[in-house]
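First up is the structure itself, then whatever we jot down about it.
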Amino acid sequence: MDPKMFCFQCQETAGGKGCQVQGVCGKTADVAAAQDLLIYATKGLAAVAHRLRGEGQAVDASVAHRITLNLFITITNANFDQNVIDARSAETFAVRDELRGRLKETANLPEAATWTGSQADFAAKAKKVGVLATENEDVRSFRELTMYGLKGMAAYLKHANALGYESEDIEIFMQRALSMLLDDSLSGDDLTALALETGKFGVDVMALLDKANTESYGNPEITKVQLGVGKNPGILITGHDLADLEELLKQTEGTGVDVYTHGEMLPAHYYPKLKQYKHLVGNYGNAWWQQKEEFEAFQGPVLFTTNCLVPPKDSYKARVFTTAAVGFPGCPHIEEKDGRKDFSAVIEMAKTCPPPKELEQGEIVGGFAHEQVFAVADKVVDAIKSGAIKKFIVMAGCDGRMKSRGYYKEFAEALPKDTVILTAGCAKYKYIKLPLGDIGGIPRVLDAGQCNDSYSLALIALKLKEVFGLADVNELPVAYNIAWYEQKAVIVLLALLHLGVKNIHLGPTLPAFLSPNVGKVLVETFGIGGITDVESDIKSMVG
Ligand code: SF4
Ligand code: SF3
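Going by my numbering, the sequence shown opens with residue 4, and the numbers climb by one from there.
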């Protein structure tokens, strides 16, 4: 029997193989098909744009922006609204056809660049263009590895774009890579090279976003973030988009409504220009997967700026607002108009709501991005030289709902006291609130920020390599134990591989989209491995 859908892009995929009836994330078969069609349309548009450039013709920046948003929309836990997704497919096909009309040479275009059909034909077409349309499992695996890297890249590029930072090089690469995913003539070596090149542009996009964030808001600095609540009504903002947070902070100023961060928005508190807003009062809750209980308790409106959205319960659904790539049927979506988003509906709702129920008290200390760590580099280097710090463990990445992820909390607790955890991404919620202490004033968990701030961790490693005069970044006393869930973790992984980092442990399970042969390439070339149990892994990673 044909599966109703097929998706294996995230770590929680059904049975560790693929969601075939309904997504574990809540994505229905119809939404999965709509996303498949949007990806197909986007590849077709990219193929036409790539050929136009090859002919020396200009391609408008709006094409790149469309591709970026289309990819972002299909990331895990971003958009569950079939109408929105289908409308984007229709528009994308129309833009593709308009561009194709300008081509001088249209011979041998791939099918995705030429398919014609009405919106009524979408459902039938969508069934034929998903992941399984590539029959050879190794080709499929390489293609999807690159595709998920591109989705992560799109997410980070979109955040940089929101702050006015663009990169034509990255956009041109994305269009070329997408068009290569339609090319049946490529060899295994070509596809391996493409996946690794995606990692190179992964470094570039994280560098661009880092520049956008730090030039807009200053360099993150060591900051204590409150976990308790105040007496005012509040808005909870979640996701990764700092530009949306800044706009919300401006519009809530003086209204008597407080703003709380949730999940991946926590690191906003570390930026000097964002933390100056006195009504940005604290962080509420934990990583994305606990949102059902936490949003109920929050009692006020919740604004989603990116993934991870869990299909909301009726008890709080009326309080959920979305913007940008995020969408859920029945939840109001705030569009940008004339360069501005109007959050007044969110603010007006907040004024009618009781203040949040307190979940906990205390604080989180974070803000250890590259410049802040460089500022205390002497202290860190001395601690390594004296043996006070024996090893750094990079534990960046994602959190998730699987019970097996308890491993990361246990691993953090069991690490010897002379080790320091370097973290970024929502994976941190497994251990950032634990009393792990410090080493001569250096906290044993250094949070650099969001998942994209894994770039900061790479810069810190490269700086240490320079200070210690090492030839290879793998000679440093640094081990990598990374937790992944969605596609932004894929671009982070490919970026680390591009930087030459070897022997990364990836868990809690290896990606289902890696075929045995492609997995073998990654193991043999880069020493990538899974996780086993806490005791054995501490022995092998720390010694
Ligand atoms: Fe399944 Fe993950 Fe795809 Fe959702 S995103 S359908 S959980 S593989
Ligand atoms: Fe988390 Fe979704 Fe990946 Fe940005 S919010 S790290 S999972």
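We put the beta carbon where it would ideally sit given N, CA and C, even for glycine.
Since the structure is predicted, the reported quantities are computational estimates derived from the model, not experimental observations.
- Query: Straight-line CA distance for ALA50 to ILE175?
  - Reply: Rounded to whole angstroms, ALA50 to ILE175 spans 11 Å at the Cα level.
- Message: Suppose contacts are defined by Cβ-Cβ distances below 8 Å. Is LYS128 in contact with LEU40 by that definition?
- Response: Their beta carbons are under 8 Å apart, which means LYS128 touches LEU40 by this criterion.
- Do GLN12 and the ligand SF4 come close, with the Cβ less than 7 Å from some heavy atom? yes
- Item | Selection from HIS243, GLY242, ASP33, ASN235 that minimises the alpha carbon distance to GLU256 | ASN235
- Query: Which residues in the same chain have their Cβ closer than 8 Å to the Cβ of ALA198, if we skip the five residues on either side of it in sequence?
  - Reply: PHE145, LEU148, THR149, GLY152, LEU497
- Query: If you follow the beta strand (DSSP E) that PHE395 is part of, which residue opens it and which one closes it?
  - Reply: 394–397
- Query: By how many angstroms is the C-alpha of ASN82 removed from the C-alpha of ALA116?
  - Reply: Approximately 24 Å between the Cα atoms of the pair.
- ASN139, buried or exposed, once every other Cβ within 10 Å from all chains shown has been counted against 16: exposed
- Message: As a quick exercise: from ILE541, LYS354, SER318, pick the residue whose alpha carbon is nearest that of LEU418.
- Response: ILE541
- Message: Please report the distance separating the alpha-carbon of LEU460 from that of VAL495.
- Response: Whole-angstrom Cα-Cα distance: 11 Å.
- Identify every run of the alpha helix (DSSP H) within the region 120–185, keeping only runs that are complete inside it and at least 4 residues long; order them along the chain. 125–129, 140–165, 171–183
- Message: Does ALA321 come out as helix, strand or coil in the three-state DSSP assignment?
- Response: coil
- Name the two residues that bound the continuous alpha helix (DSSP H) containing GLU218. 191–220
- Item | Cβ contact (3+ pairs, closer than 8 Å) linking the region 427–435 and the region 188–197 | Pairwise C-beta distances place the region 427–435 out of contact with the region 188–197, as fewer than three of them are shorter than 8 Å.
- Message: Assuming ASP381 is part of the alpha helix (DSSP H), what are its boundary residues?
- Response: 380–389
- Could you give the residue range of the beta strand (DSSP E) that holds ALA482? 481–486
- Can we count HIS243 as close to the ligand SF3, meaning its CB is less than 7 Å from some heavy atom? yes
- Residue closest to LEU166, alpha-carbon to alpha-carbon, out of THR422, GLU250, THR535, GLU469: GLU250
- Residues near GLU374 by beta carbon distance below 7 Å, same chain, minus five either side: Once the five neighbours on either side are set aside, the close Cβ partners of GLU374 are ASN222.
- Below-8 Å beta-carbon distance, THR426 vs any chain B residue: Going by chain labels, chain B is absent from the structure shown, which holds only one protein chain.
- Item | Close-in-space but distant-in-sequence residues of the same chain around TRP292 (CB under 8 Å, 5 per side omitted) | CYS311, VAL313, ASP402, GLY403, ARG404
- Query: Going by Cα to Cα distance, which pick from GLU171, GLY288, GLU363 is closest to ASP63?
  - Reply: Nearest to ASP63 by C-alpha distance, out of GLU171, GLY288, GLU363, is GLU171.
- Task: Quick one: give me the first and last residue of the beta strand (DSSP E) that GLY369 is part of.
- Result: Note, GLY369: beta strand (DSSP E), 366–369.
- Message: Can you look up VAL262 in the DSSP assignment and give me helix, strand or coil?
- Response: If DSSP states are grouped into helix, strand and coil, VAL262 belongs with the strands.
- Leaving out five residues on either side along the sequence, give the residues of the same chain with a beta carbon under 6 Å from the beta carbon of PHE414. VAL537
- Contact between the region 284–300 and the region 237–245 (3+ Cβ pairs under 8 Å): Segments in contact, yes.
- Query: What residues match up with LEU509 in a beta bridge as DSSP calls it?
  - Reply: ILE485
- Task: Take VAL524 as the anchor and find which of LEU194, PRO446, GLY342 has the nearest alpha-carbon.
- Result: LEU194
- Message: Considering only heavy atoms of the ligand SF3, does any lie closer than 7 Å to the CB of GLN294?
- Response: no
- Considering only the beta carbon of each residue, do ALA353 and PRO315 sit closer than 8 Å? Contact check for ALA353 against PRO315 fails: the beta carbons are separated by 8 Å or more.
- Message: Among the candidates ALA97, ASP385, ILE173, ARG105, whose CA atom is the shortest distance from the CA of GLU58?
- Response: Out of ALA97, ASP385, ILE173, ARG105, the CA that lies nearest to the CA of GLU58 is found in ARG105.
- Task: Could I get the ranges of all uninterrupted alpha helix (DSSP H) runs contained in the region 239–290, with 4 residues as the minimum, in chain order?
- Result: 245–255, 275–278
- Could you tell me the boundaries of the beta strand (DSSP E) in which PHE96 lies? PHE96 -> not in any beta strand (DSSP E); alpha helix (DSSP H) instead, spanning 85–103.
- Which two residues bound the contiguous beta strand (DSSP E) that contains ILE225? It is not in any beta strand (DSSP E) - ILE225 carries neither H nor E in the DSSP assignment.
- Message: Would you say the beta carbon of VAL383 is closer than 7 Å to some non-hydrogen atom of the ligand SF4?
- Response: no
- Nearest-angstrom Cβ-Cβ length linking LEU74 and LYS203, presumed shorter than 8 Å: So it is not a contact: roughly 18 Å between Cβ atoms.
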